[in-house]
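Colleague: In the order they appear, the protein sequences are chains E and U. Counting in our numbering, the first sequence runs from 6 upward without gaps. Counting in our numbering, the second sequence runs from 3 upward without gaps.
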Amino acid sequence: MNRKLIGVISVFGLSAVIAGAVSWLGNGDSIESHPIVQVAPVIYSSFEDVQDQHDATLVVTVVSVDAEYVDYGRDGKADHADDPGLLMESLTVKVDDVLKGDKLLVGTELTVVQSQFGTMSEASDEEYLVPGNSYVIVASEYVSNPGTVEGKVWSMPLAGQGVFPIVDGEVHPTRADVFPETFDGGAVALDVLDKS
Amino acid sequence: MQKILTVRHSLALMLALILGCLLGVSFSSVAHSYTFSGCRYDQGSISPITYRFYSVSSASLLRATKHGVSSWNNTSAPGYFSESTTSLDPEVNVTDDSYPNQNAYAWISATCDADGTYSGNEVNFVWNSSLIHTRTGPQKDRISTHELGHAYGLGHVTYGCRIMRVDIGYLTVCSMTTPQPNDINGVIARY
C-alpha cells in the first residue's frame, strides 16, 4: 500500500515539476537578435474617446511600403553617438471610406507612418499595416520631423487603439481587451463604427 | 480482482498526473505576476547601471528621471542606477525630443543580442516632449520608474497596482510612483 502511495505521489510531483517547467520555459526570451522598443503608450478610455482625440477614422487599403528611415525627433539629429533613433517606415494607403472626419479624403492616397516593429512592442502582428490588406485606422495628421518624410504624414495611436484589420467585411480588434464596450473582444460589422 | 486493481491503479495515476499538471502550471502562473521584455542587461553589469542625460533640458524630466532612479535604488532589486556625467558609454542614455507622431509618453529602445542581453549593454530612454508635458509631476515620476523597469528587462502587466502597468501614463485607480512588490520580484527573477 505504501508503495502504491509513493508511486502516486511520485507521479504527482514529477508531473507538477514538468508542467511548471514547460510553462515557465514557454515564457522565456527569444533567441533572435533584434531591436526592441518598450513604450508607455497613451491609453484612451473608449473608441469614442480615441476618435475624438484624432483627426479621422478611415477605412483604408494599404497600397505600398515606400520608405524606411530613422526618426531622430524634431531636431532631426542624433543625441549621442549610439542613438539609434526610431526605425520607421512610410506607407501609401488609399482611403476607401471615411467613418469620421473629412469626407473629401475618400478616394485619396495618404502617407501613413508606423514603427518598423508595428506600433512598437505593444503590437500584435495584426496591428502592423501590410500592403494589400484593409483596415479601419484612427489617425491624426502631423508635419513630419526633419530628415524623415517630406510634408505631412498620418499616424495611429499605439497599443491596438488605432489599427483594426478588416477581414470578410468585419472589423477586428488586435487585442481582446481593447475598447470592450465597442468590440467586446470580437469583430463588429463596419456599419457599427460608421458615425458619418 | 487483479483487473479491478489495475483499473484503480490506472485511474489513480491519471488523477495524480492531471492534478500534478494543474499544480505545476498554477505555481508557474503565480511566479509570472510580472512579465519579462525580450532583453536584459548582462548580469555582471548592473552594479551600477550607469545613466547619463543627453539633451534633456526640462527640469521636470531631469527630476522625474532621478525619481525613477532613486525609487528603484531604494528597493531590494538587484543592481542599482548611478548617474555618470563623463562616461562615454553609459548603460542608459537619457534623451528627450519631440515625436508628435508617436503616441507614447516615453520609451526604451535597444538592440537585443542572441543571448538575450542588450547589445553594447545599453538602452536608450527617450522622453517624448510632444506629449509628456500633458502629464503631472507624479505621472512623470511613475512613467520614469516604469521605463527603468523596462531597462531592467521587465515587460508590461495589464492589471493590479504595479509600476509596469501598460496604462501607467494615465492610471487613476492606483497612486504609486515607485516599484511594487511584484515589480521588484520580477527584477529579482530576471537576474
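Glycine residues also receive a C-beta, built at the ideal position from the N, C-alpha and C atoms. On a predicted model such as this, the values are computed, not experimentally measured, just so you know.
Looking only at its chain, what residues have a beta carbon closer than 7 Å to the beta carbon of S49 (chain U), apart from the 5 residues adjacent to it on each side?
Modeller: Same-chain partners within the cutoff: G81 and Y82.
Colleague: Near S51 (chain E), which residues of its chain fall below 8 Å by C-beta distance, leaving aside the five closest residues on each side in sequence?
Modeller: Counting only Cβ-Cβ distances below 8 Å, and skipping sequence neighbours, we find F184, E186 and T187.
Colleague: P162 (chain E) CB to nearest chain U CB: under 8 Å?
Modeller: Answer yes: the Cβ-Cβ gap between P162 (chain E) and chain U drops below 8 Å somewhere.
Colleague: Does DSSP classify K142 (chain U) as helix, strand or coil?
Modeller: K142 (chain U): helix per DSSP, three-state reduction.
Colleague: Do D99 (chain U) and L63 (chain U) have their C-beta atoms closer together than 8 Å?
Modeller: Result no, Cβ atoms of D99 (chain U) and L63 (chain U) do not sit closer than 8 Å.
Colleague: Going along the chain, which unbroken runs of the beta strand (DSSP E) with 3 or more residues stay wholly within the segment 24-98 of chain U?
Modeller: Listed in chain order, they are 51-56 and 83-85.
Colleague: Have a look at U:G157, U:Y53 and U:V94 and flag the residue whose alpha-carbon is nearest the alpha-carbon of N187 (chain U).
Modeller: Of U:G157, U:Y53 and U:V94, the residue nearest in Cα terms is U:G157.
Colleague: What three-state label does DSSP hand L150 (chain U) in the structure shown?
Modeller: Three-state DSSP puts L150 (chain U) in a helix.
Colleague: Please name the residue, chosen from E:D87, E:D189, E:V64 and E:V176, that lies closest to N123 (chain U) on a Cα-to-Cα basis.
Modeller: Measuring from the Cα of N123 (chain U), the nearest candidate turns out to be E:D87.
Colleague: Compare the C-alpha of Q43 (chain E) against each of E:G190, E:S120 and E:D182 and name the closest.
Modeller: When each option's Cα is compared against that of Q43 (chain E), the closest is E:S120.
Colleague: Would you identify the three-state DSSP class for F127 (chain U), choosing helix, strand or coil?
Modeller: Here F127 (chain U) sits in strand by DSSP.
Colleague: Please report how far the alpha carbon of F48 (chain E) lies from the alpha carbon of Q166 (chain E), in whole angstroms.
Modeller: Sequence inspection shows Ile at residue 48 (chain E); the Phe mentioned does not correspond to that position. Those two C-alpha atoms are separated by around 8 Å.
Colleague: When you compare the CB of L133 (chain U) with every CB in chain E, is at least one pair closer than 8 Å?
Modeller: It does; some Cβ of chain E falls within 8 Å.
Colleague: For L96 (chain E) and P136 (chain E), I'd like the C-alpha separation in whole angstroms.
Modeller: Approximately 8 Å between the Cα atoms of the pair.
Colleague: Is P102 (chain U) close to chain E, meaning its C-beta is less than 8 Å from at least one C-beta of that chain?
Modeller: It does: the Cβ of P102 (chain U) has a partner Cβ on chain E nearer than 8 Å.
Colleague: Would you report the Cα separation of L109 (chain E) and V143 (chain E), rounded to the nearest angstrom?
Modeller: When rounded, the distance between both Cα atoms is 16 Å.
Colleague: Since Y49 (chain E) sits in a beta bridge, which residues does DSSP pair it with?
Modeller: Y49 (chain E) is not bridged to any residue.
Colleague: Let me confirm a value: Q141 (chain U) is counted as buried when at least 16 other C-beta atoms fall within 10 Å, else exposed. Which label applies?
Modeller: By the neighbour-count rule (16 or more Cβ atoms within 10 Å), Q141 (chain U) is buried.
Colleague: Would you say G78 (chain E) reaches chain U, if we count a Cβ-Cβ gap shorter than 8 Å as a contact?
Modeller: Judged by the 8 Å Cβ criterion, G78 (chain E) is in contact with chain U.
Colleague: Would DSSP call P170 (chain E) helix, strand or coil?
Modeller: P170 (chain E): strand per DSSP, three-state reduction.
Colleague: Which residues mark the beginning and the end of the beta strand (DSSP E) in which D102 (chain E) is found?
Modeller: Looking at the DSSP string, the run of the beta strand (DSSP E) that includes D102 (chain E) is L91 to K105.
Colleague: I want to verify the contact list: residues of chain U whose CB lies under 9 Å from the CB of I142 (chain E), in sequence order.
Modeller: Neighbours of I142 (chain E) on chain U: none; closest Cβ ~12 Å, over 9 Å.
Colleague: Just to confirm my understanding: we take D185 (chain U), look at its own chain, exclude 5 residues before and 5 after, and list those with CB closer than 7 Å. What are they?
Modeller: Contacts found: Y36, G151, L156, R164, I165 and M166.
Colleague: Comparing C-alpha positions only, which one of E:A45, E:G190 and E:V103 sits nearest to T66 (chain E)?
Modeller: When each option's Cα is compared against that of T66 (chain E), the closest is E:V103.
Colleague: Buried or exposed for Q45 (chain U), going by 16 or more other Cβ atoms inside 10 Å?
Modeller: Exposed, since its Cβ has fewer than 16 Cβ neighbours within 10 Å.
Colleague: Got a sec: which bits of the segment 108-122 of chain U sit with their beta carbon under 7 Å from any beta carbon on chain E, in order along the chain?
Modeller: Correct list: A108, W109, I110, S111, A112, T113, C114, D115, A116, G118 and G122.
Colleague: Would you tell me roughly how many angstroms separate the C-alpha atoms of E114 (chain E) and R180 (chain E), rounded to the nearest one?
Modeller: Using only the alpha carbons, I get a separation of about 27 Å.
Colleague: Considering only residues of the same chain and omitting the five flanking positions on each side of C114 (chain U), which have a CB-CB separation below 8 Å?
Modeller: Excluding residues within five positions, the ones whose Cβ falls inside 8 Å are G40, C41, Y120 and S121.
Colleague: At a cut-off of 7 Å, is D87 (chain E) close to the ligand NAP when judged by its beta-carbon and the heavy atoms of the ligand?
Modeller: Absence of the ligand NAP is noted for the structure shown, with no ligands found whatsoever.
Colleague: Since P89 (chain E) meets chain U, which of its residues come closer than 9 Å, beta carbon to beta carbon?
Modeller: In chain order: S111, A112, T113 and N126.
Colleague: Is D143 (chain U) close to chain E, meaning its C-beta is less than 8 Å from at least one C-beta of that chain?
Modeller: With 8 Å as the cut-off, D143 (chain U) does not count as an interface residue toward chain E.
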